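Single-structure report; data block below.
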Amino acid sequence: MNSLSLSEKEAIILANDSDPQRILNILIAIQYDSEEGYIDEETAKLVAERLHLSQARVYEILSFYAILKTEPQAKYVLKICNSTPCLYTGGGMLSEMLETILEVPADEPTPDGLFMYHSIPCIGACDQGPVIKIKDTVFGDLTEAKVYQLIDDLQNGCYQEL
Amino acid sequence: MIKRNQPVLLKRITKMKQATDVTEYRKYDGFSGLLNAIEMEKAAILDELDLAHLRGRGGAAFPLGKKWRHLYSSKSDTKYIVCNADEGEPGTFKDKALLEHDPLSVIEGMVIAGYLFSAKAGYIYMRGEYRRIQKIFQEALDNAEQAGFLGENILGIPGFDYKITIISGAGAYVCGENSALLNSIEGKTGRPRVKPPHLADVGLYLQPTLVNNVESFAGIPVILREGGQAYRDLGTEDGGGTKLICLSGHIKNRGLYEVNLGTPLQEILYSEEYGGGSSTGRTLKFIHFGGQSGPIGALRNLDDCIYSYEGLWDKDLSIGSGAIVVMDEQVSIVDYLVNVAAFFAHESCGKCTPCRLGTTRILELLTKFNTQTAVAGDLERLEKMLMHVTNLSACGLGQSVANPMKSGLAYFPEEFEAGIQKVAAPVKGGLW
């Protein structure tokens with residue numbers, strides 16, 4: 001299921017010295033590099049094997065940490081900060097707007113598989129609220145117009161790096 | 001010489017073109033703290049730290065000198081140095097600036113610790129949300145190693161071998177708690193350990209371990225470069241140095257600032273140099289200090305408040321991480337606290353029952369007040385629940401949930417009372 005080849009995954013594991021201390025670095029790198037944006041069963045087994053950990057340990061980690069996903073994600077996952085500094089500087093409107101524009105509830109991909117959105121706690125951009133984060137990129141100081149523009153731009157493939 | 005009202009920690013950030021470049025870092029006094037340290041007796045280093053009176057900048061405000069002395073006296077051949085860069089406290093984005101724009105200052109602080117404790121391994125645990133910064137930091141580590149400030153026989157001193165590894169977090173607020181963070185470094189889930197034993201005795205892989213915040217480590221080179229007394233003079237009696245503060249919420253100039261401890265709060269909020277006053281044109285109502293786990297202060301009581309450890313303690317407040325989240329009069333305290341409670345209910349790791357269930361019960365009770373469906377007795381139930389969660393939780397997360405709630409209750413009781421139904425609920429069909 002995962003778009004990364006075995007050798008690409010192995011390269012990530014080796015770049016982290018097959019070090020069990022860096023299991024989170026490894027899992028995040030694989031997840032972010034893959035198109036589906038999640039860790040599938042096969043990958044979890046591979047990581048367990050190469051780091052000499054039990055599969056149960058790897059699954060425990062996958063379920064504990066919020067960034068790690070075990071289900072396929074949309075191409076663009078729009079993460080909205082819902083902590084108080086962002087929420088009260090306009091963040092409250094973002095989920096409502098996205099629900100209206102994308103016509104899906106939170107955590108559900110749009111039928112074309114392009115978008116998904118959900119709330120997350122602080123991303124450390126409280127001085128730019130309201131914010132949407134996609135992968136490692138933060139879009140800050142958002143207004144309604146900017147949100148429409150962002151969705152448009154994403155649909156038109158303006159952000160190749162994401 | 002360092003002077004008051006001049007940036008100390010942020011000094012290089014505006015000047016350096018290439019944050020990871022060792023030559024440029026050295027041009028602006030970089031590594032001179034370390035070079036001083038290796039010329040000093042180890043006991044003298046500890047004396048300078050005590051003199052500086054740097055309090056831990058992660059939030060707990062424990063005197064750093066005491067923490068370092070404790071680790072120094074721990075008997076073991078293996079000691080670990082850990083930098084807590086899991087900045088997850090909403091309202092806080094100060095460590096990000098140092099990690100991204102002056103990583104070598106954090107590295108220098110960690111190397112000084114490595115030297116003092118003869119540690120071979122240092123770790124920096126950086127939150128997963130800062131993945132892009134992890135790459136910058138790795139570049140700084142590589143450059144430092146190439147320049148001979150990390151690796152083997154550092155600065156030509158035989159046996160001074162020390163490396164720093166970056167460990168990524170993956171989105172768990174509780175990993176900012178030091179023992180949870182160590183579990184996470186060990187490749188486990190980040191649930192806190194039961195303490196004691198103290199981490200300075202039994203820490204990472206059961207060895208004595210030092211855990212300090214990013215901003216604390218960045219302060220160490222300043223102390224050893226300028227001397228403990230000069231550092232202390234930047235602050236006040238109860239805490240030396242400057243503090244990075246993060247202004248956010250309904251304040252005009254949101255952002256990161258460095259202030260001397262002892263700066264009047266009104267100046268921070270209203271002067272054009274800092275906050276610049278309300279961004280909404282409405283009167284400011286309350287401030288949430290130090291992140292979600294910190295206390296809330298009502299603006300009406302803070303006219304004469306001095307931003308220092310003792311200045312805030314006098315008002316039952318605390319500096320915490322340095323977050324200053326300002327809200328205007330339109331924000332209902334109950335509504336605000338519902339959102340704070342939702343954060344804790346989401347982030348409780350679930351290991352201990354008082355926190356796992358307590359945070360959920362607190363959220364439910366606050367929601368009742370917010371939807372004006374609370375009934376007589378709910379206020380007392382809320383207060384009791386806050387007391388239980390504080391006293392029975394195993395780690396700092398659960399223990400500090402009540403901080404914002406209790407101060408909100410103390411300053412704005414009328415808003416809670418307005419959420420209690422004044423009309424008795426009709427008796428629904430019963431046995432009779």
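Protein chains in written order, with UniProt numbering: chain A, 1 to 162; chain B, 1 to 432. We treat Cβ as the ideally placed atom computed from N, Cα and C, and that holds for glycine. Keep in mind the model is a prediction, meaning the values are calculated, not measured.
In the structure shown, the three-state DSSP call for residue 160 of chain B is coil. Residues 20, 23, 47 of the same chain have their beta carbon placed closer than 8 Å to that of residue 53 of chain A, with the five preceding and five following residues left out of the count.
The C-beta distance from residue 34 of chain B to residue 221 of chain B rounds to 7 Å, short enough to meet the 8 Å contact threshold.
By the C-beta density criterion, residue 110 of chain B is buried, having at least 16 other C-beta atoms within 10 angstroms. Against chain A, the beta carbon of residue 325 of chain B has neighbours under 7 Å at 84, 85, listed in chain order. Apart from the 5 residues on each side of it in sequence, residue 369 of chain B sits with its Cβ closer than 6 Å to the Cβ of 334, 416, 419 in its chain, given in chain order. Under the Cβ criterion of 8 Å, residue 83 of chain B is not counted among the residues facing chain A.
Within the same chain, Cβ atoms closer than 6 Å to the Cβ of residue 75 of chain A are found at 114, the five residues on either side in sequence being excluded. Take residue 38 of chain A, set aside five residues on each side of it, and the residues of its chain with a beta-carbon closer than 7 Å to its own are 31, 69, 70, 71, 72, 73, in chain order. With 16 or more other CB atoms across the displayed protein chains lying within 10 angstroms of its CB, residue 81 of chain A is buried. Sequence-ordered contacts of the segment 223–256 of chain B with chain A read 246, 247, 248, 249, 250, 254, 255, 256 [C-beta pairs closer than 8 Å]. Segment contact: the segment 40–53 of chain B against the segment 171–184 of chain B, fewer than three CB-CB distances shorter than 8 Å; contact not assigned. Residues of chain A with a Cβ closer than 7 Å to the Cβ of residue 189 of chain B are, in chain order, 60, 61, 64.
Along the segment 333–348 of chain B, going in chain order, the ones with a CB nearer than 7 Å to a CB of chain A are 336, 339, 340, 343, 346, 347. When 8 Å is used as the limit between beta carbons, residue 168 of chain B is near these residues of chain A: 22, 24, 25, 28, in chain order. When secondary structure is reduced to three states using DSSP, residue 366 of chain B falls in the helix class. For the 8 Å CB-CB criterion, residue 218 of chain B and residue 82 of chain B do not form a contact. Taking the Cβ atoms as the reference, residue 28 of chain A lies roughly 6 Å from residue 67 of chain A, within the contact range of under 8 Å. For residue 107 of chain A, there are no C-beta contacts with chain B under 7 Å, since the nearest C-beta of that chain is about 14 Å from it. Neighbours of residue 173 of chain B across chain A, judged by C-beta separation under 7 Å: 121.
When DSSP reads this structure, residue 120 of chain A sits in a beta bridge with A/81.
Interface annotation for the segment 126–147 of chain A against chain B: 126, 127, 128, 129, 133, 136, criterion Cβ-Cβ distance under 8 Å. A direct Cα-Cα distance of roughly 16 Å separates residue 229 of chain B from residue 37 of chain B. Comparing alpha carbon positions, the residue from B/328, B/311, B/324, B/400 closest to residue 355 of chain B is B/400. Proximity of chain A to residue 91 of chain B at the Cβ level (cut-off 7 Å) is accounted for by 85, 126, in chain order. Closest option to residue 330 of chain B, judged by alpha-carbon separation, among B/170, B/286, B/339: B/286.
In this structure residue 95 of chain B is buried. Its beta-carbon is surrounded by 16 or more other beta-carbon atoms within 10 angstroms. If you draw a 10 Å sphere on the C-beta of residue 175 of chain B, you find 16 or more other C-beta atoms in it, and that means buried. For residue 248 of chain B, the enclosing beta strand (DSSP E) begins and ends at 242–249. A direct Cα-Cα distance of roughly 15 Å separates residue 156 of chain B from residue 118 of chain B.
When the five nearest sequence neighbours on each side are left out, the beta carbons in the same chain lying within less than 6 Å of the beta carbon of residue 257 of chain B are those of 245, 274, in order along the chain. In terms of CA proximity to residue 115 of chain B, B/40 leads the group B/388, B/198, B/40. With 16 or more other CB atoms across the displayed protein chains lying within 10 angstroms of its CB, residue 359 of chain B is buried. Put simply, of B/296, B/148, B/66, B/243 the residue whose alpha carbon is nearest the alpha carbon of residue 93 of chain B is B/243. Residue pairing by DSSP places residue 133 of chain A opposite A/79, A/138 in a beta bridge. The Cβ of residue 87 of chain B sits closer than 8 Å to at least one Cβ of chain A.
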